[in-house]
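What follows is a short report on a single structure.
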Amino acid sequence: MRRLEDNLHRVTGLTGSALRDLSKESLQSVSRYYAEALTLDRFSASQVDARVRLEGYEPVQELLTTSPTGVVAVLSHSGNWDLVGAYASPRIIPVTAVAEVLKPREMYDRFVAMREDVGIRVLGHEGGATFRELIRIAKNERTLICLLADRDLSGSGVEVTMWGHGVKVAPGPAALSVATGAPLVPVHVRYEPLHGARRRAAGSPWGVVLSFGAALDASDLDVPRDERVAALSQQWATWMGDMIAAHPADWHMLQRFGWTS
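Position one of the sequence shown corresponds to residue 134 (our numbering), numbered consecutively onward.
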């Protein structure tokens, strides 16, 4: 709770009872995510349809539906990213994801099986070998490579500015885009309450909003090639920071975050 509140304070500036109220709302969002994620393979196709609403999709629709090769999607730990993967994979573009190898191993295996049951291909996070496989996939397969990147697990994070603070984020999405030429699309997920017919169709009082940012192209950056990863990371981080600040309760950052200032 203290870790979560410290992270939320840095994003929102809230203190005291207002911060405590926000952190309680955030824990409810976290609990909702796990309750849904552990039963995702039981949702019917119509329930998934009813639970997901798209926002900002039109500008990237042609890219996602016609690209012959990979597109990189960068996500934050917000909302239910597994649910939107289950939505997108059969309806928009096949989804490939990278997951942290959790302990105990049985938990990791359970999450992988659940995601694969709904059409999401999962690669375990295993450093350079995984990145090389992602390069191969991005160059040769039509897929959306979804990478959670607001929290750096590599130990080689790139520093960006978010919410007026220095932050280290995962370099992977930008590095993969630079290495392969694949476009990068920032994506944010948040919860929204459902009502009426949509609530009945969803079988839940909650749905999610899948928001797309503008597609980013590393080749458009007017910087030397060795600076493109940092510059591209700052572009997606600026958009993502604004989205998280607008919907902080759905940012599930209970872990140590990469604050540098």
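Every residue gets a Cβ at the ideal spot worked out from N, C-alpha and C, and that includes glycine.
Subject >> Length of the line joining the Cα atoms of SER395 and GLY297 >> reply: Residue 395 is absent from the structure shown; the chain starts at 134 and stops at 394.
**OP:** Just the C-alpha distance for PHE264 and ALA330, rounded to the nearest angstrom, thanks.
**Re:** 43 angstroms
Original post:
Is DSSP giving LEU327 helix, strand or coil here?
Top reply: coil
Original post:
Given 8 angstroms as the limit, is there contact between the segment 323-337 and the segment 297-312, that is, 3 or more CB pairs closer than that?
Top reply: no
Original post:
Are PRO381 and VAL144 touching if we call contact CB-CB under 7 angstroms?
Top reply: yes
**OP:** Report the option in THR393, ARG361, LEU343 whose CA atom is closest to the CA atom of VAL193.
**Re:** LEU343
Original post:
Where VAL231 and LEU208 are concerned, what is the direct C-alpha to C-alpha distance, given to the nearest angstrom?
Top reply: 11 angstroms
Subject >> Whole-angstrom distance between VAL163 and HIS142, CA atom to CA atom >> reply: Going by the C-alpha atoms only, they are around 17 angstroms apart.
Original post:
Taking the alpha-carbon positions, what's the VAL181 to LEU216 distance?
Top reply: 7 angstroms
Original post:
If you check the beta carbons only, do ILE278 and VAL205 fall under 7 angstroms apart?
Top reply: yes
Original post:
Does DSSP classify VAL255 as helix, strand or coil?
Top reply: strand
Subject >> Rounded C-alpha distance that separates ALA271 from THR202 >> reply: 6 angstroms
Original post:
Thinking C-beta only, is VAL185 closer than 7 angstroms to VAL341?
Top reply: yes
Subject >> Those residues which DSSP pairs with SER211 across a bridge >> reply: TRP384
Original post:
Between which two residues does the beta strand (DSSP E) containing MET295 stretch?
Top reply: 291-295
**OP:** Using DSSP bridges, identify the partner residues of THR263.
**Re:** Answer is none; THR263 lacks a bridge partner.
**OP:** Please state if the CB of LEU137 and the CB of SER156 are separated by a distance shorter than 7 angstroms.
**Re:** yes
**OP:** At 3 residues or longer, and completely inside the segment 179-203: list those beta strand (DSSP E) runs for me, N to C.
**Re:** Counting whole runs of 3 or more residues, the segment 179-203 contains the beta strand (DSSP E) stretches 185-188.
**OP:** Per DSSP, which residues does HIS410 bridge with? Please list them.
**Re:** In the structure displayed, the chain extends from 134 to 394; residue 410 sits before or after that span and is not available.
**OP:** On a CA-only basis, which of TYR241, ARG243, LEU197 is nearest PRO223? Give me that one, please.
**Re:** Checking every option, the nearest Cα to that of PRO223 belongs to LEU197.
Subject >> Beta-ladder partner(s) of PRO319, from DSSP >> reply: VAL207
**OP:** Would you kindly check if the distance between the Cβ of ALA178 and the Cβ of ALA334 is under 7 angstroms?
**Re:** no
Original post:
For the beta strand (DSSP E) that contains TRP339, what are its first and last residues?
Top reply: That run of the beta strand (DSSP E) goes 339-345.
**OP:** Using 10 angstroms around the beta-carbon of GLU169, count the other beta-carbons present and answer buried if the total reaches 16, otherwise exposed.
**Re:** buried
**OP:** Assuming MET376 contacts ASP283 (C-beta within less than 8 angstroms), just tell me the rounded distance between them.
**Re:** Approximately 11 angstroms separates the beta-carbon atoms of MET376 and ASP283; this is outside 8 angstroms, ruling out the contact.
Subject >> Terminal residues of the alpha helix (DSSP H) in which ALA303 lies >> reply: First-last for ALA303: undefined, no H or E at that position.
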